[in-house]
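Right, one structure below, let's go through it.
In this note's numbering, the protein residues as written are 9 to 282.
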């Protein structure tokens, strides 16, 4: 909080001296959660044990290296004394800057405190790799993307509209984790139908991806044949009608267990469903 008080103080000074036109430095203050780290404590004394004195002897079970005393995994602030500080340079070296940036936003709600888990960075790295493979075949652009005027597959187009809608709304509310989840859903759809993807669809996907993974977004934008930065393009729009589901899945239960699932028209009346 001290840096915010310091910034506000100097802004007030500059305002009083006539150097800035606004009385307050920030339009809105958002308290983001703290990124913590896994730590290990003695269940009896509650003392935290430095990371270099802990070993995982079974999956999910930890003990002191010297005494073999059982330790409990918990979370705490990163500190040099606990040796649980994560160096961003190391993460960038192994996974890239986009993966680091994406993982920080995907960890959970922005306002919540959450523990850093380096192993989980692998998940967002795989997502970025899968996004890249939507565009690339061998060493170049996929052959089905060479025609900019190719028609869009209806199902993929609807999936993209739902993705754009979700990302657009979540960016406004700073719900970055759910926006990324929406992109993951689209990538799953695209991976299953990669030969049906059009130049137009992947152009729009590159635009929304670039907000979260700017390096990859710029590379994909260039591969598609565009000049200039993707960050300076107009944000893609969506059609509300295209965002609607054509069908809904209704699970049928017998004696408390789901026996079958039926696909019915989303506009079907309650009488028809029953």
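Where a beta carbon is used, it is the ideal one built from N, C-alpha and C, also for glycine.
Bear in mind the structure is a predicted one, so any value in this text is a computation, not a measurement.
- A distance below 9 angstroms separates the beta carbons of residue 189 and residue 114.
- In the three-state DSSP reduction, residue 260 falls in the strand class (E or B).
- Fewer than three beta-carbon pairs drawn from the stretch 224-231 and the stretch 161-181 are found closer than 8 angstroms, and the two stretches are therefore not classed as touching.
- Residue 50 places its beta carbon less than 9 angstroms from that of residue 79.
- Around the C-beta of residue 184, 16 or more other C-beta atoms lie within 10 Å, and the residue is accordingly described as buried.
- Exclusion of the five residues before and after residue 64 leaves 70 as the residues of its chain whose Cβ lies within less than 6 angstroms of its Cβ.
- Across the set 262, 135, 251 and 144, the C-alpha of 135 shows the shortest separation from the C-alpha of residue 217.
- It is roughly 14 angstroms from the alpha-carbon of residue 11 to the alpha-carbon of residue 38.
- Beta-bridge annotation (DSSP): residue 57 is paired with 48.
- Remark: C-beta atoms of residue 93 and residue 111 do not approach each other more closely than 9 angstroms.
- Between residue 191 and residue 247, the alpha-carbon positions lie close to 17 angstroms from each other.
- When the five nearest sequence neighbours on each side are left out, the beta carbons in the same chain lying within less than 7 angstroms of the beta carbon of residue 121 are those of 41, 42 and 44, in order along the chain.
- Sequence-distant Cβ neighbours of residue 124 in its own chain, meaning closer than 6 angstroms and more than five residues away, are 43, 45 and 94.
- When C-beta atoms of the stretch 51-58 are compared with those of the stretch 84-92, three or more pairs fall below 8 angstroms, so the two segments count as touching.
- Annotation: residue 237 to residue 229 spans about 8 angstroms, alpha carbon to alpha carbon.
- Here residue 82 carries a strand assignment [DSSP, helix/strand/coil].
- Residue 124 carries a strand assignment under DSSP once its states are collapsed to helix, strand and coil.
- Of the residues 126, 178 and 48, the one whose Cα lies closest to the Cα of residue 82 is 48.
- By the beta-carbon neighbour count (other beta carbons within 10 angstroms, threshold 16), residue 62 is buried.
- By the beta-carbon neighbour count (other beta carbons within 10 angstroms, threshold 16), residue 76 is exposed.
- CA-CA distance, residue 232 to residue 116, rounds to 32 angstroms.
- Boundaries around residue 162 are those of the alpha helix (DSSP H), 162-180, since no beta strand (DSSP E) includes it.
- Burial check for residue 106: the Cβ neighbour count within 10 Å reaches 16 or more, so the residue is buried.
- Sequence-distant partners of residue 164 (beyond 5 residues in either direction) whose C-beta falls short of 7 angstroms from its own C-beta, in its chain, are 197, 198, 201, 204, 205 and 209.
- With contacts defined by Cβ atoms closer than 9 angstroms, residue 241 and residue 215 form a contacting pair.
- Residue range 62-66 is occupied by the beta strand (DSSP E) that includes residue 64, with no alpha helix (DSSP H) assigned at that position.
- A buried status is given to residue 166, since no fewer than 16 other beta-carbon atoms sit within 10 Å of its beta-carbon.
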